[in-house]
Amino acid sequence: MARTRTVRTFRRILHPSDFSPASRPAFSKALELAKASRAQLVVVHVLPVLPMVPDAYIAATTYDELLRGQRAGAKMQLDRLVRKAKTTGVRASGILLDFGVPAERITRLAKSSRADVIVMGTHGRTGLTRALLGSVAARVVATATCPVLTVRA
């Protein structure tokens, strides 16, 4: 008797992107899975907190302008990824999340949107660099309630 291999299909795929080169292979993989499963692709970006220099004064209007610029730039890049996904025939949408701990925001969104899988890139940092910068992907893998596929750049 021949054994058949079951291929898991997904309804909703979440792809967190920081718009870095490391996230591009993961975006391609998320597109591939979405096409194969006819799934909806949700591309998400968590806005990073603007670094503040101790003892430096920034006027509130200047800070607000920086935030608006950061949000506008991220929205443009997010819209570009969504358009690219749609040109391949994938149902896609984008979500821009306000500031917070990226891993927490990603896993919370995955749970609330009932994502079947998270497909995200990893920078592949090791040693001291990873200890200092941390790994969003590692934290998502450790805390997500759904499967996580990490794609190394």
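Taken in order, the sequence shown gives residues 1228 to 1380; the numbers are from the numbering used here.
Glycine included, every Cβ here is placed at the ideal spot set by N, Cα and C.
Inter-residue spacing [alpha-carbon to alpha-carbon] between residue i and residue j
| i | j | result |
| --- | --- | --- |
| A1312 | S1255 | 9 Å |
| V1269 | K1338 | 13 Å |
| V1367 | V1375 | 8 Å |
| T1334 | S1362 | 14 Å |
| V1271 | S1340 | 12 Å |
| G1391 | A1364 | Examination of residue 1391 is not possible in this model, given that the chain is present from 1228 through 1380 alone. |
| R1265 | R1239 | 9 Å |
| S1244 | S1250 | 6 Å |
| L1293 | L1324 | 17 Å |
| R1310 | T1289 | 32 Å |
| P1248 | L1260 | 20 Å |
| Q1297 | Q1267 | 27 Å |
| R1295 | P1252 | 29 Å |
| K1302 | H1350 | 22 Å |
| L1308 | F1246 | 9 Å |
Beta-ladder partner(s) of residue i, from DSSP
| i | result |
| --- | --- |
| G1348 | V1378 |
| G1316 | Beta-bridge pairing links G1316 to no other residue. |
| P1243 | V1271 |
| I1322 | V1271 |
Proximity below 8 Å, CB of residue i to CB of residue j
| i | j | result |
| --- | --- | --- |
| L1305 | G1321 | yes |
| V1317 | L1258 | yes |
| G1348 | A1380 | yes |
| K1262 | T1315 | yes |
| H1242 | V1346 | yes |
| A1342 | C1373 | yes |
| V1276 | F1326 | yes |
Burial state of residue i (16 or more Cβ within 10 Å)
| i | result |
| --- | --- |
| L1359 | At L1359 the pLDDT is 42, less than 50, meaning the model places this residue with poor confidence; the figure from the coordinates comes in the next sentence. Answer is exposed; the Cβ neighbour count stays below 16. |
| I1285 | exposed |
| V1378 | buried |
| R1332 | buried |
| D1291 | exposed |
| V1344 | buried |
| A1369 | exposed |
| A1287 | exposed |
| R1357 | Any answer about R1357 is weak, because its pLDDT of 47 lies below 50 and its placement is not dependable; what the coordinates show is given next. Exposed. |
CB contact check: residue i to chain C, cutoff 8 Å
| i | result |
| --- | --- |
| H1272 | Among the chains of the structure shown, chain C does not appear; only one protein chain is present. |
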